[in-house]
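Residue numbers (the numbering used here): 65 to 149.
All residues carry an ideal CB built from backbone N, CA and C; glycine is no exception.
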């Protein structure tokens, strides 16, 4: 067996340097409230630098509209925090 070449199709990923520089957004459907409510979608915004939860919202569906509402909420929240510094 020879040495193995690195896979050229996968670049090495480097985390960002500054808080808020890159936010990972994910939505997942689940029975989050264990039969106490209807199934819903959890939308989470996580900072790439720190892994910190930046925003969280439960919605009925995983739709472009709900992503836009949650993104606006996140931007307004971050604007308020930076304005108060």
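Span of the alpha helix (DSSP H) around residue 136: 128-147
Nonlocal neighbours in the same chain, by C-beta distance under 7 Å from residue 111, ignoring five residues either side: 83, 84, 87, 118
On the DSSP letters alone, give me the boundaries of the beta strand (DSSP E) that residue 44 sits inside. Given that the chain is displayed from residue 65 to residue 149, the structure contains no residue 44 and the question cannot be resolved.
Pairwise C-alpha distance: residue 139 and residue 131: 12 Å
Short check: CB of residue 113 to CB of residue 80, under 9 Å? yes
Are the CB atoms of residue 122 and residue 106 within a distance shorter than 9 Å? yes
Put residue 82 into one of helix, strand or coil per three-state DSSP. coil
So is residue 134 buried or exposed if we call it buried at 16+ other beta carbons inside 10 Å? buried
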